[in-house]
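The next block holds one structure in the form of structure tokens; read it before the comments.
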Amino acid sequence: MINLTRHRVTNLATNGVSLDAVLYTRRHYSAHSPDKFTFPPLLKSCAKLGDATQGRTLHAQIIKTGFFVDYFAATALVSMYMKVKQTKDALNLLDEMPERSVASVNAAVSGLLENGFCGEAFRMFGEARVCGFAGTNSVTVASVLGSVEDVEGGMQMHCLAMKSGFEMEVYVGTSLVSMYSRCGEWVLAARMFEKVAHKSVVTYNAFISGLMENGVPRLVPSVFNLMRKFSDEEPNDVTFVNAVSASASLLHLQYARQIHGLVMKKTFRFDTMVGTALIDMYSKCRCWKSAYSVFTEMKDARNLISWNSAISGMMINGQHEVAVELFEQLDSEGLKPDSVTWNSMISGFSQLGKVNEAFKFFERMMSIVVVPSLKCLTSLLSACSDIWVLKNGKEIHGHVIKAAAERDTFVSTSLMDMYMKCGLSLWARRIFDGFEPKPKDPVFWNVMISGYGKHGECKAAIEIFDLLREEKVEPSLATFTAVLSACSHCGDVEKGMKFFSLMQEEYGFKPRIDHIGCMVDLLCRFGRLREAKEVIDQMSEPSSSVYSSLLGACKQHLDPVLGEEAATKLGELEPENPAPLVILSSIYAALERWEDVESIRRVIDEKQLVKLPGVSSSG
DNA sequence: CTAGGGTTAG
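Right, here's the structure in full:
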């Protein structure tokens, strides 16, 4: 009878039905005297519940019944105090212990780490290792590795693990893999991963999630296959979550469907996290119907996060009616929208250009929430992008001031952008000037430069750019797009040329198509066709649009030589398009070179024939 | 049968 009770307690405690376990046993033990198997599982329950009061009661009972001398009971007490965040009590207890065990040191070290006392933890680890009243083992090493944040420290621990021969143990090997991943060294993580002899699922999971964190999702499928084909380990829910989110970032729908199938075959019903990952993935792959059906099938496994995924999934796929429907159904499951939910609705409508709807939800949110999230303020601002909704934009500006968010770079950037788009460059400038010290984020500067450029205030645009250089802010490619297009708008060839060479020589940027386009337009407008041609020749893969600009300019300035070159290139890029030849012939016509006009007309006629069905092409 | 360690979604 008593054994049955103990088993039940142990099971309850380890399976997380903690409160039940504690109460159940406390009722039963009044009839029997406790033994050394009594207390540890009860303490574990308290730890899980975070119930310090109950834990102290047990502590008293342990002392009263004389079980404090037992290693297991004492260690469980230390661990319990750590888990309920009573660090001091745990450490005092450790000092009171008649003799430390390795496990008690481990409990203390990992507890200290969990509570953020990393320095203390490392010191205790060092002392235990050198003085050796209790010593350390692979468990200590693994748990210390769990909170290493820098590669240097991590490598020291790695050396230590190698010297003591722990490196090859699965737990330690896995910790090393995840440590290297956490430090951003996924190549080192991969090398370590290969070294682990008997990899467990967790080893695979640690490596895979590390690849995800380090932005290398493309390697995830092969690691996943490695596990399925060459090991006896079966993927679990954690593996599936990572595999699914890998296919989400790869937008690899086919692979994702395979994983989906595997999940169904293995588990029949959805785990909350796997289901949520699937919803997210299908939404990103633009299969909102599949996302919706996963959400429906999840029924009793849903939580607020799954709802939010479904809602934002519907929103980003333009299904705002479905999203609203889901939003209204939230409280039927006893859930309340949180900041993520509100943000999905508000930024969703903003991005769809439905300003009124976005504001409707914003007002609903403000009647419940005291202070709006910065994210939803910036989404609303991005929706207020023309003069018709300036009133709304100003309202948000008011909320920004109320929320004391003016010092936030993102918020200020969107405010300036909003005023620029509404045509109020003075208002934007006031925000820009008031922001001191200036942020290093180039986007903050870009919106001012491109805003001024679009309004034709090119001097002001260039002024901002000069200021950026004075402040030693690193410009981005977009900065140059903005400043070059400003120069192009106001026809400042000299400044344009200057900035164009600056971006390459001083900042080492390779010009993109939009930069080249600006320069070509600018040079062509002033008839500097040769220079325009030189700019085009810098491109590795010239596009047809730049040659079209050049050809147009050749027509205007009557340059038949460059015109022929441009028309030839265009003919190679777009053989179907007769327009270049027509333009070229009009250049010849303007120069009264009638023979050339005639020969081009023949070429055009031939091309038209080739396009007719049934007429064979001569190449 | 009891203590200590590595992996997870918006």
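Here the first sequence stands for residues 1 to 619, numbered as in full-length UniProt numbering.
The beta-carbon is built from N, C-alpha and C at its ideal position, and this holds for glycine as well.
Cβ contact (3+ pairs, closer than 8 Å) linking the segment 379 to 392 and the segment 401 to 408: Touching, no.
Buried or exposed by the 16-neighbour rule on C-beta atoms within 10 Å, applied to P580: Around the beta carbon of P580, 16 or more other beta carbons sit within 10 angstroms, so the residue counts as buried.
Proximity below 8 Å, CB of L573 to CB of S544: Contact: yes.
Pair within 8 Å by beta-carbon distance, S178 and G210: Taking 8 Å as the Cβ cut-off, S178 and G210 qualify as a contacting pair.
S110 versus C422, A90 and G398, residue with shortest Cα-Cα distance: Cα-wise, what sits closest to S110 is A90.
Whole runs of the alpha helix (DSSP H) within the segment 274 to 337, excluding any shorter than 4 residues: Along the segment 274 to 337, the alpha helix (DSSP H) occurs as fully enclosed runs of 4 or more residues at 288 to 298, 304 to 316 and 320 to 329, listed in sequence order.
Same chain, Cβ closer than 6 Å to G348, five either side skipped, listed in chain order: If we look at G348 and ignore the five residues flanking it on each side, its Cβ neighbours are M315.
Helix, strand or coil at G451 [DSSP, three-state]: The three-state secondary structure of G451, taken from DSSP, is helix.
Three-state class that DSSP yields for K472 in the structure shown: Residue state, collapsed to three classes: coil.
Whole-angstrom distance between S599 and G563, CA atom to CA atom: Per the coordinates, the alpha-carbon of G563 lies some 16 Å from the alpha-carbon of S599.
S231 beta carbon less than 8 Å from that of K199: If you check the CB distance, K199 and S231 come in under 8 Å.
Span separating the alpha-carbon of V297 from that of E357: Going by the sequence as given, residue 297 is Glu instead of Val. Answer to the nearest angstrom: the Cα atoms are 29 Å apart.
A482 beta carbon less than 8 Å from that of N446: With contacts defined as CB atoms closer than 8 Å, N446 and A482 qualify as a contacting pair.
Q319 to L390 span [Cα, whole Å]: Q319 and L390: Cα-Cα distance of roughly 27 Å.
Start-end ranges of the alpha helix (DSSP H) lying completely within the segment 205 to 269, minimum 4 residues: Fully enclosed alpha helix (DSSP H) runs of 4 or longer: 220 to 230, 237 to 250 and 253 to 267.
Buried or exposed by the 16-neighbour rule on C-beta atoms within 10 Å, applied to Q608: By the C-beta density criterion, Q608 is exposed, having fewer than 16 other C-beta atoms within 10 angstroms.
Outcome for C159 when other beta-carbon atoms lying within 10 angstroms are tallied against a minimum of 16: So C159 counts as exposed.
N343, enclosing alpha helix (DSSP H) - first and last residue: S339 to Q351 is the extent of the alpha helix (DSSP H) around N343.
Proximity below 8 Å, CB of V139 to CB of N106: V139 places its beta carbon less than 8 Å from that of N106.
6 Å Cβ shell around residue 622 - same chain, five flanking residues per side excluded: Here the chain covers residues 1 to 619 and nothing more, so residue 622 does not appear.
Alpha-carbon to alpha-carbon, T413 and F444: In a straight line, the C-alpha of F444 is about 5 Å away from that of T413.
Close-in-space but distant-in-sequence residues of the same chain around S290 (CB under 7 Å, 5 per side omitted): Cβ neighbours of S290 beyond the five flanking positions: Y282.
Buried versus exposed, by CB contacts within 10 Å (16 or more), T239: By the Cβ-count criterion, T239 is buried, with 16 or more other Cβ atoms from all chains shown falling within 10 Å of its own Cβ.
S618, DSSP secondary structure in three states: With a pLDDT of only 43 at S618, under 50, the local geometry of the prediction cannot be trusted, and no value is derived from it.
Coil, strand or helix - M82 by DSSP: M82: helix per DSSP, three-state reduction.
Neighbourhood of K266 by C-beta distance below 7 Å, restricted to the same chain and skipping five residues each side: Same-chain partners within the cutoff: there are none.
With 16 other Cβ atoms within 10 Å as the buried cut-off, status of A567: Its Cβ being crowded by 16 or more others within 10 Å, A567 is buried.
D417 to A428 span [Cα, whole Å]: Distance between D417 and A428, taken at the CA atoms: about 7 Å.
Unbroken alpha helix (DSSP H) run spanning F499, endpoints: Counting along the chain, the alpha helix (DSSP H) containing F499 begins and ends at V493 to E505.
Whole-angstrom C-beta distance between L426 and H397, which should lie under 8 Å: With a Cβ gap of about 14 Å, H397 and L426 do not count as contacting.
Residue burial classification, K284 (beta-carbon count within 10 angstroms, cutoff 16): Under this definition K284 is a buried residue.
Nonlocal neighbours in the same chain, by C-beta distance under 7 Å from L304, ignoring five residues either side: So the qualifying residues of the chain are L335 and D338.
Closest residue to G491 among A197, Q504 and G527 (Cα-Cα distance): When only C-alpha atoms are compared, the closest one is G527.
Pairwise C-alpha distance: P475 and V263: Approximately 46 Å, taken between the alpha carbons.
Same chain, Cβ closer than 7 Å to D521, five either side skipped, listed in chain order: So the list reads S488 and S549, once near-sequence residues are dropped.
Whole-angstrom C-beta distance between V196 and G165, which should lie under 8 Å: Contact between G165 and V196 fails: their C-beta atoms lie close to 14 Å from each other, not under 8 Å.
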